[in-house]
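Colleague: This is the structure I have questions about; it appears just below.
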Amino acid sequence: MSAYLIRRLIQMVIVLIISSMAIYTLLNMVPGGPFDGLMQNADAKTRVTPEQIERMNAMLGLDKPPAIRFIAWATGDDWMGVLDEAWAGDGRGIIRGDFGMSFKERRPVLEMMGDRIKKTVVITGLSAILAIVIAIPIGIFSAVRQYSKADYAVTLFTFIGTAIPGFWFALMAIVLFGIKFQDWGLPQLPTKGWASLRAPRPGTLTHTLGVTQGSLADVALHLVIPVVVLGLLQMAGWTRFMRSSMLEVLQQDYVRTARAKGLGERFVVIKHALRNALIPLVTIVTFELPFLFGGTILLEQIFSIPGMGLMYFEGLSQFDWPVVQGYLLISAVLTVIATLLSDILYTVVDPRIRLG
Amino acid sequence: MAVAELTFGREELAAAQDESQLSVVWRRFRRHKLAVVGLSIAMLLALTCFIGPVVSPYAANKIEAGGVAYRGLKKLSPGTAVTLEWDRGVPERTNDDRIVAFSTGWVGAKDPANEIEHRLYVLGTDNSGRDTLTRLMQGGRVSLSLALIVVLIQQILGTIIGAISAYYGGWVDSVIMRGVDFLITLPSLPIFMVLQVILRDRGIPGGSIGVLAVVFIALGWTGSARLVRGMVLSLKNQEFAEAARAMGASDRRIVLRHLIPNALAPVLVSATLAIGGIVVGEASLSYLGFGVQPPDPSWGNMLSNAQQLILDQPWAVFYPGLAIFLTSLSFNFMGDALRDALDPRGQIR
């Protein structure tokens, strides 16, 4: 097991080095360096000339060969002196936790992420918990009652949930709870942002409940729609998984044996079948790890939640390359970790599987 | 059960044996209610999208309706009086409500009193007065043809790469699979967005279908490659492959004629399911402004356009999303049915 782990860890590091090189190269493929986008700004005041770009490139060390810049960027600039602080940050390099400075906000990317990752994790975490808590029992129920009306209903629901475009579902939720509720004279739920920006207007639920602006309750109210929307979307896929793996397990011989011993159906399902049926779900849920921290770009954009996804979207729209780079890198790290973790968890829930 | 099998007539048995694999699959596919629903929806959508813009009296990008957003009409039968509802977001036109008798279906008619041509917009117009239905159909053309082309190429590519990887094994396999591992670490939507920005900066129109297709193919072949690799790994040591080898068949022939056809069933299923995924992916990209660029319509950019006016015209958000949803749902239904129909363990009915 430990030999396997060491081998996997080494592979992981290699894949990560290649990924970070690829990401770095990708972002440096923009001709004339990452500032090229600034030349295309429609507004003449903010447009930059080629000479200015050349100066900026020299200032930021972008005129040095890419390989040297990559090493400085990855391992730290304090011993190389190639980069400007915008890319090098405090000069400790990516491997020592320095992701450079945001062009736009003039502060370390890592610090920016620190703010935003909390909000993202609250939303994705809560929705994942909501989804699991509902998906497991419904999946079991549906499998146990295979071909019943309830099972068909659940199956149809999971089909709809996996096919529905998440961003449209979110928009429809906004239309319903934010706009139609107002038309019908019902208290509106907040549909935008992390907390109220202004004192709540009459007619909104925030106002009706007398919640003070910026309080925990205010934030909680703002989270209701995003968390439920995201939770329902995830739940659909997970329910389907739970159902099919439960069906598979229920056909196994040892389940029949358990029934033949005279154990109650409930006991058989929960004590004997469930543990094995959870294996596929564990892998799927673990694979959601990158998204747990990376957030969903679409939903954060729709609900104006200042999380990781929105940070990436804004960074890309504003050519804030250190932010973009940092986000992509963290996503890659998380994906690799998630893959490893799901393999390890597999052996924990299913002792029959040996890694080697 | 046993009785039923015994009463199976000899002729019927012979007929079942003669029946080709394809017709067995088709028969099992047809039994799946949801599959038939899915196939019907998909055919209907495809026909509407490909024929619709030709028949439509409006052009997708042309500003009609005096640049004003109309609400779509709720009920419509030829010759009935209908109320034209003006958009409530444009206050200066709100008094213009009037009743017009339409003589034909959804093509407009003239208002005899004012000599103004009143036209009918079945699903209304967008904020610039462009006909929503025509734009939906035009956008659907782009989405559907993109998805079909991408799926076709990426599955073929993935199948061949996966088969080669498994058949040759050794360092070929290691290199290819590490490449796949690496591609999987790249988060797809963010990478799409970056690539679009980079291509746009290189003077290549990032929203052009060609570029979108190339990017989708470049990142999307890994799934089928893994699938086929797994299948071929177990197939390549089976007797029929060895027999082919013993008869002196070339590697190329063994892979293409013996191994890949046997591994094709799951690829077909994943390809069907992938179509819906690509339609949603394209819509997401276009929605975020990194896909098809306005004024060309796409279901995604129509949604983001409608979102900006969500307070005034909440209905406009509904249609493009519904189109994406129906497409994705219908292909999911079909994929699921195909999985059952192609499953060799399933009963031959």
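Heads up: the protein sequence lines correspond to chains A and B, in order. Counting along the first sequence from 1, when you hit position 101 you're at 101 in my numbering, and nothing is skipped either side. One rule links them: number in my numbering = place in the second sequence (from 1) + 356. Note that beta-carbon positions come from the ideal geometry of N, C-alpha and C, so glycine has one too.
1. Count the other CB atoms within 10 Å of the CB of residue 291(A); is the residue buried (16 or more) or exposed (fewer)?
2. Interface residues of chain A around residue 680(B) at Cβ under 8 Å?
3. Give the straight-line distance between the Cα atoms of residue 314(A) and residue 300(A), rounded to the nearest whole angstrom.
4. Closest to residue 690(B) by CA distance: which of 675(B), 580(B), 630(B) and 607(B) is it?
5. With the cut-off set at 9 Å, would you say residue 188(A) and residue 203(A) are in Cβ contact?
6. Could you check the C-alpha separation between residue 19(A) and residue 220(A) for me, to the nearest Å?
7. Assess, as a yes-or-no matter, whether the segment 501-512 of chain B is touched by the segment 573-584 of chain B under the definition of 3 or more beta carbon pairs within less than 8 Å.
8. Measuring CB to CB, does residue 673(B) end up less than 9 Å from residue 310(A)?
9. By DSSP, does residue 212(A) sit in helix, in strand, or in coil?
10. Using a C-beta to C-beta distance shorter than 9 Å, which residues of chain A count as neighbours of residue 385(B)?
11. Tell me the rounded alpha-carbon separation between residue 150(A) and residue 397(B).
12. Which residue marks the beginning of the alpha helix (DSSP H) containing residue 675(B), and which one marks its end?
13. Tell me the DSSP bridge mates of residue 311(A)?
14. Relative to the alpha-carbon of residue 283(A), which residue among 13(A), 140(A) and 337(A) has its alpha-carbon at the smallest distance?
15. Over the uninterrupted alpha helix (DSSP H) stretch that includes residue 525(B), give me the two end residues.
16. Would residue 234(A) count as contacting chain B if we go by Cβ distances under 9 Å?
17. So residue 294(A) contacts chain B; which residues on that side make the cut at Cβ distance below 9 Å?
18. Could you pull out every residue in the same chain whose Cβ sits closer than 6 Å to the Cβ of residue 470(B), ignoring the five residues on either side in sequence?
19. Measuring straight from C-alpha to C-alpha, what distance separates residue 394(B) and residue 400(B)?
20. With 9 Å set as the bound, which would you pick, yes or no: does the beta-carbon of residue 42(A) sit closer than that to a beta-carbon of chain B?
21. In terms of alpha-carbon separation, which member of 318(A), 75(A), 304(A) and 342(A) lies closest to residue 194(A)?
22. DSSP on residue 469(B), reduced to helix/strand/coil?
23. To the nearest angstrom, how far is it from the Cα of residue 217(A) to the Cα of residue 572(B)?
24. What in chain A is Cβ-close to residue 495(B), meaning under 8 Å?
25. Going along chain A in order, which residues have a C-beta closer than 9 Å to the C-beta of residue 688(B)?
26. When burial is assigned at 16 or more other CB atoms within 10 Å of the CB, is residue 458(B) buried or exposed?
27. If the criterion is Cβ atoms closer than 9 Å, does the pair residue 234(A) and residue 135(A) meet it?
28. Taking 9 Å as the threshold (C-beta atoms), are residue 495(B) and residue 654(B) in contact?
29. Using DSSP with H/G/I as helix, E/B as strand and the rest coil, what is residue 65(A)?
30. Do you know how far the Cα of residue 23(A) is from the Cα of residue 570(B)?
31. Quick one: Cα of residue 131(A) to Cα of residue 238(A), how far?
32. Let me know if residue 256(A) comes out buried or exposed under the rule of 16 or more other beta-carbons within 10 Å of its beta-carbon.
33. Does any CB atom of chain A fall closer than 9 Å to the CB of residue 652(B)?
34. Determine the closest residue to residue 286(A) out of 342(A), 241(A) and 277(A), with distance taken between C-alpha atoms.
35. For residue 546(B), tell me which candidate among 647(B), 697(B) and 387(B) has the shortest Cα-Cα distance.
36. Three Cβ pairs or more, each shorter than 8 Å: is that satisfied between the segment 160-169 of chain A and the segment 673-689 of chain B?
Modeller: So, to answer that:
1. Answer is buried; the Cβ neighbour count reaches 16.
2. Neighbours of residue 680(B) on chain A, chain order: 165 and 168.
3. Cα-Cα distance, rounded: 11 Å.
4. Closest option to residue 690(B), Cα to Cα, is 630(B).
5. If you check the CB distance, residue 188(A) and residue 203(A) come in under 9 Å.
6. Cα-Cα distance, rounded: 37 Å.
7. Judged by Cβ distances under 8 Å, the segment 573-584 of chain B makes contact with the segment 501-512 of chain B, as three or more pairs qualify.
8. No. Outside cutoff.
9. Note: residue 212(A) maps to coil in three-state DSSP.
10. Under the 9 Å cutoff, chain A gives no residues; its nearest Cβ is about 17 Å from residue 385(B).
11. Their backbone Cα atoms lie some 25 Å apart in a straight line.
12. First-last of the alpha helix (DSSP H) with residue 675(B): 674-698.
13. None, per the DSSP bridge assignment.
14. Comparing alpha carbon positions, the residue from 13(A), 140(A) and 337(A) closest to residue 283(A) is 337(A).
15. For residue 525(B), there is no enclosing alpha helix (DSSP H), since its DSSP letter is neither H nor E.
16. It does not: the Cβ of residue 234(A) has no partner Cβ on chain B nearer than 9 Å.
17. Under the 9 Å cutoff, chain B gives 543 and 546.
18. Any reading at residue 470(B) must be qualified, since the residue scores a pLDDT of 43, below 50, and its modelled position is unreliable; the value itself is stated next. Nothing meets the Cβ criterion.
19. Going by the C-alpha atoms only, they are around 10 Å apart.
20. Low confidence applies to residue 42(A): its pLDDT is 49, below 50, so where it sits in the model is not reliable, and the reading given next is rough at best. Not one chain B Cβ lies under 9 Å of residue 42(A).
21. The option with the nearest alpha carbon to residue 194(A) is 304(A).
22. The predicted model places residue 469(B) with a pLDDT of 45, which falls under 50 and marks its position as unreliable, so this point remains unresolved.
23. Residue 217(A) and residue 572(B): Cα-Cα distance of roughly 43 Å.
24. Residues of chain A passing the Cβ test: none, with the nearest at roughly 14 Å.
25. Listed along the chain, the chain A residues whose CB falls inside 9 Å of the CB of residue 688(B) are 159, 162 and 163.
26. Reliability of the predicted coordinates at residue 458(B) is poor, the pLDDT of 32 falling under 50, and the value obtained from them is presented with this limitation in mind. In summary, residue 458(B) is buried, with 16 or more beta-carbon neighbours lying within 10 Å of its beta-carbon over all protein chains present.
27. Their beta carbons are under 9 Å apart, which means residue 234(A) touches residue 135(A) by this criterion.
28. Contact check for residue 654(B) against residue 495(B) passes: the beta carbons are separated by less than 9 Å.
29. For residue 65(A), the three-state secondary structure derived from DSSP is coil.
30. Roughly 18 Å separates the two Cα atoms.
31. Just so you know, the alpha carbons of residue 131(A) and residue 238(A) end up roughly 8 Å apart.
32. Burial check for residue 256(A): the Cβ neighbour count within 10 Å stays below 16, so the residue is exposed.
33. It does not: the Cβ of residue 652(B) has no partner Cβ on chain A nearer than 9 Å.
34. Among 342(A), 241(A) and 277(A), the Cα nearest to that of residue 286(A) is on 342(A).
35. Each of 647(B), 697(B) and 387(B) was checked against the Cα of residue 546(B), and the nearest Cα belongs to 647(B).
36. Touching, per the Cβ criterion.
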